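Engineer:
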Amino acid sequence: MVEAVETMDGWYSLHDLRTIDWTSWKLASEAERKEAIDSLDQLIAKWEEVEEAGNGSQVLHKVVGQKADLIFMFLRPTMDELSDMETELNKSKMGEFLLPAHSYVSVVELSKYRPAKDGVDPETLPETQKRLKPILPKWEHICFYPMDRRRTGDENWYTLEKDERGKMLYEHSKTGRKYAGKVTQVITGSIGLDDWEWGVTLFAHEPLQFKKIVYEMRFDEVSSRYGEFGEFFVGNLLPREDIPNYLEV
Ligand code: VOV
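Residue numbers (my numbering): 4 to 252.
1. Output the boundary residues of the alpha helix (DSSP H) element that contains Q188.
2. Can the beta-carbon of R153 be found less than 8 Å from the beta-carbon of G230?
3. Which word fits Q61, buried or exposed, when buried means at least 16 other C-beta atoms lie within 10 angstroms of its C-beta?
4. Tell me, to the nearest whole angstrom, how far the beta carbon of S106 is from that of L17; I am working on the premise that it is less than 8 Å.
5. Quick check on the DSSP output: the beta strand (DSSP E) that includes S106 runs from which residue to which?
6. Across which residues does DSSP place N159 in a beta bridge pair?
7. Among the candidates K29, W25 and E112, whose CA atom is the shortest distance from the CA of E9?
8. Residue range of the beta strand (DSSP E) that L205 falls in?
9. Using the DSSP secondary-structure output, state which residues sit across from G179 in a beta bridge.
10. For a quick check, are the C-beta atoms of R149 and S193 less than 8 Å apart?
11. Below 8 Å on the Cβ atoms is my contact criterion, and I expect K96 with A183 to pass it. Report the Cβ-Cβ distance as a whole number of Å.
12. Between the Cα of G59 and those of E164, L139, E6 and D19, spot the shortest distance and give me the residue it belongs to.
13. Answer with buried or exposed for A2, where buried requires no fewer than 16 other C-beta atoms within 10 angstroms of its C-beta.
14. Any heavy atom of ligand 1 closer than 7 Å to the beta-carbon of G57?
15. So is the beta-carbon of Y116 under 7 Å away from any non-hydrogen atom of ligand 3?
16. On the CB-based measure, 16 or more other CB atoms within 10 Å of its CB, does L101 come out buried or exposed?
17. Buried or exposed: V237, going by 16 or more other Cβ atoms within 10 Å of its Cβ?
18. Using the three-state DSSP reduction, which class does Y229 fall into: helix, strand or coil?
19. Would you kindly work out how many angstroms separate the C-alpha atoms of E52 and L46, rounded to a whole number?
20. Ordered along the chain, which non-local residues of its own chain (more than five positions away) have a Cβ less than 8 Å from that of W160?
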């Protein structure tokens, strides 16, 4: 029987995408708009304290294109906390102007394809823990998309031996490493949690690097033969201090 790979799982993740109800926003009084901006600012201040204490992380970007206006990516130790964050955003004054656009639930994932070095369980290593509970980079651009591993006919990832899958992912990682400093990735697993099997979240200083890495990886066997991809979302960082200006009408 083909062996599954053991995964190491970290913080839970919620990609929460919202569309701003611009019509209501423009019709609201200046006082109401200020109250809404302040409510969002207070929430972000609270979330930043959680991040500073090492108990989670988050990032906010403006989505480019018509799929949504905002993408929040939240990481927290428990799914309950993610649900609380989503609810507190809905209950806030700002929430009155935010329409749901899309969401994705998953958990930060690394896998144990490589044999343990000197018998040490990689999950116990501080560097692994840092990757499982990452502070999300506040880089200028985000690219998020879900993906599956194909299982049709001769292209069935789930009938391949673990060694073979591990070798392909090793080749994949070599392509990825060429982009060190230009693209950083957070892979989240969503089997049993959401509609696709993995969420790919990439951060870059320069958006063209998303196209370059994703294109180059299309030729890695693990993607060319076994990758199926969902909808892409791309965005530009929205720092807390820029929110009033972004919402100015
Ligand atoms: C930015 C660079 C980069 C680097 C260095 C990198 C490295 C690695 C390593 C070492 C490993 C395997 C072990 C582990 O740590 O889990 C992975 C795993 C994975 N990757 Fe990756 N990946 C990158 C980037 C990167 C991209 C751009 C994509 C999208 C692929 C595309 O075609 O659109 C991707 C996908 C994945 C997935 C879905 C998995 C899990 C697959 C599974 O079947 O288990 N990934 N990845």
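All residues carry an ideal CB built from backbone N, CA and C; glycine is no exception.
Remember, predicted model here, so these are calculated numbers, not experimental data.
Structural biologist: Well, looking at it:
1. Within the sequence shown, the letter at position 185 stands for residue 188. Here Q188 belongs to no alpha helix (DSSP H); instead the beta strand (DSSP E) covers V186 to G192.
2. On the sequence shown, residue 153 is found 150 positions in, with the first residue counted as 1. On the sequence shown, residue 230 is found 227 positions in, with the first residue counted as 1. The answer is yes: Cβ separation under 8 Å.
3. Counted from its first residue, the sequence shown places residue 61 at position 58. So Q61 ends up on the buried side.
4. Position 103 of the sequence shown, counted from the first residue, corresponds to residue 106. Position 14 of the sequence shown, counted from the first residue, corresponds to residue 17. Going by Cβ atoms, the distance from S106 to L17 rounds to 7 Å, so yes, they are a contact pair.
5. Looking up residue 106 in the sequence shown gives position 103. In the DSSP assignment, S106 falls within the beta strand (DSSP E) that extends over L101 to S114.
6. Mapped onto the sequence shown, residue 159 falls at position 156. Beta-bridge pairing links N159 to R154.
7. Residue mapping note: residue 9 aligns to position 6 of the sequence shown, counting from 1. Nearest option by C-alpha distance: E112.
8. As a working mapping, residue 205 is identified with position 202 in the sequence shown. Element bounds for L205: W201 to A207.
9. Start at 1 with the first residue of the sequence shown, and residue 179 comes out as number 176. For G179, which the question treats as bridged, DSSP gives no partner whatsoever.
10. For the purposes of this step, residue 149 is taken as the residue at position 146 of the sequence shown. For the purposes of this step, residue 193 is taken as the residue at position 190 of the sequence shown. Reading the sequence as shown, one finds Pro at residue 149 and not Arg. Yes, they are a contact pair.
11. Reading the sequence shown from its first residue, position 93 is the one you call residue 96. Reading the sequence shown from its first residue, position 180 is the one you call residue 183. Going by Cβ atoms, the distance from K96 to A183 rounds to 42 Å, so no, they are not a contact pair.
12. Here residue 59 refers to the residue found at position 56 when the sequence shown is read from its first residue. When each option's Cα is compared against that of G59, the closest is L139.
13. A query on residue 2 cannot be resolved here, the shown segment of the chain reaching from 4 to 252 and no further.
14. As a first step, residue 57 is located in the sequence shown; it is residue number 54 there, counting from the start. Checking the Cβ of G57 against ligand 1 gives no.
15. With respect to ligand 3, the structure offers nothing, as its ligand set consists of ligand 1.
16. Numbered from its first residue, the sequence shown carries residue 101 at position 98. Classification for L101: buried.
17. One-based indexing of the sequence shown puts residue 237 at position 234. Of the other Cβ atoms in all chains shown, 16 or more fall within 10 Å of the Cβ of V237; this residue is therefore buried.
18. Position 226 of the sequence shown, counted from the first residue, corresponds to residue 229. The answer is coil: DSSP assigns Y229 none of H, G, I, E or B.
19. Position 49 of the sequence shown holds residue 52. Position 43 of the sequence shown holds residue 46. If you take the alpha carbons of E52 and L46, they lie about 10 Å apart.
20. If you number the sequence shown from 1, residue 160 lands on position 157. Cβ within range, chain order: R152, R153, R154, R168 and Y229.
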